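What follows is a set of notes on a single structure, which appears directly below.
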Amino acid sequence: MKVDENLKQYTNSIQVASKIISFYERKQVSLRNAMKMYPKFSSDEDRYSYSQVHALVFETVRFQNIANRIIHQQIQNQFAQKIPVNVRNILRIVIYLVVLAPESPQNQYWDLSCQDLLKSLDLQFSKHIFSDLSNYLNKWKLEILLDTINDKEEKLGVQFAHPTWLVRDLLNFYGLELTKKILVANNKTLPVYLRLNLLKFEKSTIITQLSNEGVSIESDPILNDVVKVKSTEIPLPRLPSFKNDLYYMQTKGSSLISHILDPKKGEKILDACAAPGGKTTHLATLQGDLGFIVATDNHHRRMQELVRKINVYNLKSIHPVLFDMRIDRVFRNTFDKILLDAPCSGSGTFSSRPDAKWRIDRHQVKWLSNLQYSLLNNVSKMLTKNQSSYLIYSTCSLLPMENEDVIEQFLTTNPDFELKSQNLYIGTPSPKFPLAQRLFPHINETEGFSIFKIGYKEFN
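The sequence shown: position 151 = 396 (my numbering), numbered continuously.
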């Protein structure tokens, strides 16, 4: 009876996961939004079912290039007609489970699950595909697919499930060994970090509350307001501590950037691409809500989220302004410190956002690089000319085109500026700019970040 129940649940999970992937592709939304927006499915349902579907969706998309090649080379060539979308996504899920996650305890159900799904699909086409799928895939190894690829970058892209152009760019800058480590880390889940709300609560109070709620944590050795979640009995967003704003779920790298900016009480701060507001609220907290922060963005919906966060945390020092930094040159010589956490490809976030790597290409990265330079050039004019003034340029990208190339162009066209030493170093120096630092997922247990501190030369 238990096996029948597990089989029924697993069959339903595969079916729902395939529909969510189809929804994500059809609507061109992110996977996170697809999970939220898909009709009649949300995290408010049975936690185990939601967790199972979430894993199937995210891991299938993470490794979709491998599944697509197997489907194209070994399955679709046997049939004249195009594989229907619903069958293709079930195939992707099954290939992920059998070829890439053979140790999964649920694999004992997948063959029977497919048979159950065939009854609902009622497609002669799919019956042909699934009739001997178990025998076929159980013999399939990734090495067989790799042996058919001659190009080095393309082979690495398939082996580690990344676009070829991205692998090529990483290889050119980091070399083979470090590139492999980056690619492997992008396919692993990172630890969850919390930024404690020390403006409203004592650290000991927050830690005690988390312990009482069954959350095991570990304090960060460098960042006093950051802890790593080792385990939790209940998902964090459902806990009273989360609902009462004792902490904010934020990556370690994101928290580090605010500490590097190091805002002091009374200083005028510009957060130039502020929405949705995680770093903005952190800056206000570090100032004890006793500064003056202008938080700008040109995205209306995301700015609404920033305003919501300001109200939730009851912060008085943040002043949200909706406008485009590319064209507006206001606030000349106004701010003591500026944070430009620029829009980017998110190439450092592929661990948590695997869909992003399939929706970005080199042309888009080049466009982003031009945008980043324009933003940096504009906001630099807003910095006051005194010895303690500086700006932080950061991205959650590991690509040099969005980082070193932007900084090099900026320093060439703005000879009054130079890179400055940072007050906190937990990352790795940039090969081109030793004063800058880069966070790597496999080293720092956080999303990949690139961080540069820039100030005037005349104040050495």
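Backbone N, C-alpha and C fix where the C-beta goes; we use that ideal spot for every residue, glycine too.
What you are looking at is a predicted structure, and each value in this text was computed from that prediction instead of being measured.
Just to confirm, is the Cβ distance from R547 to N623 under 8 Å?
The sequence position of residue 547 within the sequence shown is 302, counting from 1. The sequence position of residue 623 within the sequence shown is 378, counting from 1. The answer is no: Cβ separation not under 8 Å.
Locate the beta strand (DSSP E) running through L441, then write down its first and last residues.
To locate residue 441, count along the sequence shown from 1; it is residue 196. Unbroken beta strand (DSSP E) run through L441: 437-441.
Pick helix, strand or coil for I671, following the three-state DSSP scheme.
Locating residue 671 in the sequence shown gives position 426, counting from the first residue. Coil, per DSSP.
Count the other C-beta atoms from every protein chain shown that fall within 10 angstroms of the C-beta of D586, then say buried if there are 16 or more, exposed otherwise.
Counted from its first residue, the sequence shown places residue 586 at position 341. It counts as buried.
Tell me whether the beta-carbon of D490 lies closer than 8 Å to the beta-carbon of V557.
Here residue 490 refers to the residue found at position 245 of the sequence shown. Here residue 557 refers to the residue found at position 312 of the sequence shown. Going by C-beta atoms, D490 is nearer than 8 Å to V557.
For the putative contact between I563 and A540, defined by C-beta atoms under 8 Å, what is the C-beta separation to the nearest angstrom?
For the purposes of this step, residue 563 is taken as residue 318 along the sequence shown, with counting starting at 1. For the purposes of this step, residue 540 is taken as residue 295 along the sequence shown, with counting starting at 1. Between A540 and I563 the Cβ distance is about 5 Å, and since that is below 8 Å, they are a contact.
Nearest candidate by alpha-carbon position, reference L468, set Y438, L391, L481
Mapped onto the sequence shown, residue 468 falls at position 223. Looking at the Cα atoms, Y438 is the closest of the given residues.
Three or more C-beta pairs closer than 8 Å, one from the segment 634-644 and one from the segment 689-698: is that the case here?
yes
Below 8 Å, how does it come out for the segment 523-534 and the segment 604-614: are there three or more Cβ pairs, yes or no?
When Cβ pairs closer than 8 Å are counted between the two stretches, the segment 523-534 is seen not to touch the segment 604-614, the count staying below three.
Given this structure, state the Cα-to-Cα distance separating K473 from E304, to the nearest angstrom.
Sequence index remark: in the sequence shown, residue 473 carries index 228 (1-based). Sequence index remark: in the sequence shown, residue 304 carries index 59 (1-based). If you take the alpha carbons of K473 and E304, they lie about 23 Å apart.
With DSSP as the reference, label D367 as helix, strand or coil.
For the purposes of this step, residue 367 is taken as residue 122 along the sequence shown, with counting starting at 1. Low confidence applies here, because D367 scores a pLDDT of 46, under 50, leaving its location unreliable; read the following figure in that light. Note: D367 maps to coil in three-state DSSP.
Could you tell me which whole beta strand (DSSP E) segments of length 3 or greater appear in the segment 506-576?
513-516, 537-542, 563-567
Excluding sequence positions up to five away, which residues of its chain have a Cβ less than 7 Å from the Cβ of A406?
In the sequence shown, residue 406 corresponds to position 161, counting from 1. Excluding residues within five positions, the ones whose Cβ falls inside 7 Å are R307, F308, N310, I311, N432.
Alpha carbon of T530 to alpha carbon of I452, nearest angstrom:
In the sequence shown, counting from the first residue as 1, residue 530 sits at position 285. In the sequence shown, counting from the first residue as 1, residue 452 sits at position 207. Answer to the nearest angstrom: the Cα atoms are 18 Å apart.
Among S267, S486, M494, P676, which residue has its Cα nearest to the Cα of D650?
As a working mapping, residue 650 is identified with position 405 in the sequence shown. The residue with the shortest Cα to Cα distance from D650 is P676.
My parser needs the alpha helix (DSSP H) runs of 4 or more residues fully inside the segment 593-667; what are they?
607-625, 649-658
Report the rounded CA-to-CA distance for K488 versus I265, giving the unit in angstroms.
Locating residue 488 in the sequence shown gives position 243, where the first residue counts as 1. Locating residue 265 in the sequence shown gives position 20, where the first residue counts as 1. Cα to Cα, the separation comes out at about 28 Å.
My assumption, with CB atoms under 8 Å, is that I583 sits in contact with L628. Please give the rounded CB distance.
Position 338 of the sequence shown holds residue 583. Position 383 of the sequence shown holds residue 628. That pair is a contact at about 6 Å.
By the three-class DSSP mapping on this structure, what secondary structure does V274 have?
Here residue 274 corresponds to residue number 29 of the sequence shown, with the count starting at 1. Here V274 sits in coil by DSSP.
Using C-beta distances below 6 Å, list every residue in its chain close to L443, excluding the 5 sequence neighbours before and after it, in chain order.
Residue mapping note: residue 443 aligns to position 198 of the sequence shown, counting from 1. D470, listed in sequence order.
Going along the chain, which residues of its own chain have a beta-carbon closer than 8 Å to the beta-carbon of N331, five neighbours each way excluded?
For this step, residue 331 is matched to residue 86 along the sequence shown. Taken in chain order, the residues that qualify are S263, K264, S267, L366.
Please report the residue range of the alpha helix (DSSP H) in which Y341 lies.
Along the sequence shown, one-based indexing puts residue 341 at 96. That residue, Y341, is in no alpha helix (DSSP H); it is neither H nor E in DSSP.
Outcome for E422 when other beta-carbon atoms lying within 10 angstroms are tallied against a minimum of 16:
Walking along the sequence shown from the start, residue 422 turns up at place 177. Exposed.
In three-state terms, what does DSSP make of G700?
In the sequence shown, residue 700 corresponds to position 455, counting from 1. DSSP places G700 in strand when its eight states are reduced to three.
Suppose the cutoff is 7 Å on Cβ atoms and the five residues either side in sequence are ignored; what does the same chain contact list for S619 look like?
The sequence position of residue 619 within the sequence shown is 374, counting from 1. The answer, listed in chain order, is R571.
So what does DSSP say about Q309, is it helix, strand or coil?
Residue mapping note: residue 309 aligns to position 64 of the sequence shown, counting from 1. Helix.
Beta strand (DSSP E) containing R683: first to last residue?
Working through the sequence shown from its first residue, we reach residue 683 at position 438. For R683, the uninterrupted beta strand (DSSP E) run begins and ends at 682-684, by DSSP.
Give the single residue among H317, H299, S499 whose Cα lies nearest to the Cα of G522.
Here residue 522 is taken as the residue at index 277 of the sequence shown, counted from 1. Measuring from the Cα of G522, the nearest candidate turns out to be S499.
Output yes or no for whether 8 Å exceeds the beta carbon distance between I259 and L301.
On the sequence shown, residue 259 is found 14 positions in, with the first residue counted as 1. On the sequence shown, residue 301 is found 56 positions in, with the first residue counted as 1. Taking 8 Å as the Cβ cut-off, I259 and L301 qualify as a contacting pair.
Just the C-alpha distance for P436 and T477, rounded to the nearest angstrom, thanks.
Position 191 of the sequence shown, counted from the first residue, corresponds to residue 436. Position 232 of the sequence shown, counted from the first residue, corresponds to residue 477. Looking at the two C-alpha atoms, the distance is approximately 12 Å.
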